[in-house]
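Let me begin by presenting the structure, written as structure tokens, before commenting on it.
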Amino acid sequence: MDHGKGSPQGPVIYSAVHTDKDMTGIKEKTWEPWAEALRKMAMHPEQHIDTLLQVTQEAVVLHDKFPKGRKHLLVVSRQEGLDCVKDLNRSHIQLLKNLQALGEEWVQNLLNEDQSLVFRLGYHSEPSMRQLHLHVISQDFDSPSLKNKKHWNSFTTSFFRDSKATIEELETTGRVQLYGDEHSIQNLELRCHRCQSTQGNIARLKQHIRMCKAPFPSDLVHKGYLYTWK
DNA sequence: GTTCTAGAAC
DNA sequence: GTTCTAGAAC
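Heads up: the first sequence begins at 1 in UniProt numbering, then just goes up one per residue.
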């Protein structure tokens with residue numbers, strides 16, 4: 001008795017045809033699907049009412065899905081085609097001032113709830129997700145979602161561009177200088193944002209920052225980059 | 001961006 | 001042995 005033809009069990013061939021080039025052969029930045037989440041919310045806020053804290057003409061406000069501090073909000077610009085600080089010029093100064101003002105309102109709300117918090121407002125030099133977004137993040141960095149060097153250094157090195165400094169830089173030079181990329185900040189040491197001591201790994205760093213009571217760097221205080229309860 | 005995990009580092 | 005890092009994900 002014959003066995004019928006079994007179904008072919010050959011190896012599955014995937015044709016992973018991905019190209020970074022358009023028909024002119026010029027390389028374009030390609031955004032992965034996961035990087036579109038913020039843009040979708042900014043462009044169609046009515047479809048995300050449940051996750052948005054606030055919707056204005058210019059921005060949407062939401063909780064960061066993976067907060068790196070006790071409080072971590074995003075103020076996302078709704079301007080089409082504006083993805084990162086590299087795209088900014090003088091025409092965006094008023095927008096940035098409005099995003100900052102919105103962020104500051106939320107800082108005030110959050111400080112009213114917990115007067116022990118300290119906040120910093122700023123942008124990542126090279127964001128992972130599309131659509132310009134301002135981070136509003138408490139400086140305890142007390143969060144299970146803070147897990148690796150990239151997380152830490154993206155908020156505590158010059159890779160983090162303070163909102164006020166970004167606006168001032170646009171006003172004086174018309175551009176925003178970037179400091180490092182997502183790859184380079186992984187090779188930086190882990191330094192406490194308060195006492196500046198270096199820690200061997202993320203586990204030790206997190207242990208350390210739970211205890212460290214050193215004052216914040218005075219230049220951050222004097223420049224008004226830190227927001228505290230008054 | 002996160003999750004998963006192999007293998008390096010301890 | 002456990003902890004930690006870093007690269008792939010179809």
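Just so you know, even glycine gets a beta-carbon here, dropped at the ideal spot from N, CA and C.
In this text the structure is predicted, and so the values were computed from the model without any measurement.
(request) Kindly indicate the opening and closing residues of the beta strand (DSSP E) around His133. (result) 133-138
(message) Tell me the residue span of the beta strand (DSSP E) that contains Leu62.
(response) 59-63
(message) In the DSSP output, which residue or residues are listed as bridge partners for Arg120?
(response) Ile137, Leu226
(message) Below 8 Å, how does it come out for the region 147-164 and the region 198-209: are there three or more Cβ pairs, yes or no?
(response) yes
(message) Please state whether the Cβ-Cβ distance between Gly103 and Val75 is less than 7 Å.
(response) yes
(message) Can you tell me whether Thr51 is helix, strand or coil according to DSSP?
(response) coil
(request) With DSSP collapsed to three states, give me the class of Gln216. (result) It is Phe, not Gln, that sits at residue 216 in the sequence shown. In this structure, Phe216 counts as coil in the three-state DSSP scheme.
(request) Answer yes or no: do Leu132 and Leu82 have a C-beta to C-beta separation smaller than 7 Å? (result) yes
(request) Taking only heavy atoms of the ligand MG into account, decide whether any of them is closer than 6 Å to the Cβ of His193. (result) As for the ligand MG, it is missing from this structure, which has no ligand bound.
(message) To the nearest angstrom, how far is the alpha carbon of Gln9 from that of Glu58?
(response) Note on Gln9: pLDDT 37, under 50, position unreliable in the model; no value is reported.
(request) Note the first and the last residue of the continuous beta strand (DSSP E) segment covering Leu160. (result) Strictly speaking, residue 160 in this sequence is Phe, with Leu absent from that position. From DSSP, the beta strand (DSSP E) with Phe160 extends over 160-162.
(message) As a quick exercise: from Trp152, Leu170, Ile137, pick the residue whose alpha carbon is nearest that of Tyr225.
(response) Ile137
(request) Could you name the residues that DSSP lists as bridge partners for His72? (result) Ile137
(request) Quick one: residues in its chain with C-beta nearer than 6 Å to the C-beta of Asp162, no 5 flanking neighbours on either side, listed in chain order? (result) Gly122, Tyr225
(request) Less than 8 Å between the CB atoms is what I'm expecting for Phe160 and Arg194, so what's the real figure, rounded? (result) That belief does not hold up - the Cβ atoms of Phe160 and Arg194 are roughly 15 Å apart, past 8 Å.
(message) My assumption, with CB atoms under 8 Å, is that Leu110 sits in contact with Lys71. Please give the rounded CB distance.
(response) 5 Å
(request) Kindly list the residues whose CB is nearer than 8 Å to the CB of Arg175, restricted to its own chain and excluding five residues on each side of it in sequence; keep chain order. (result) Leu88, Asn89, Glu169
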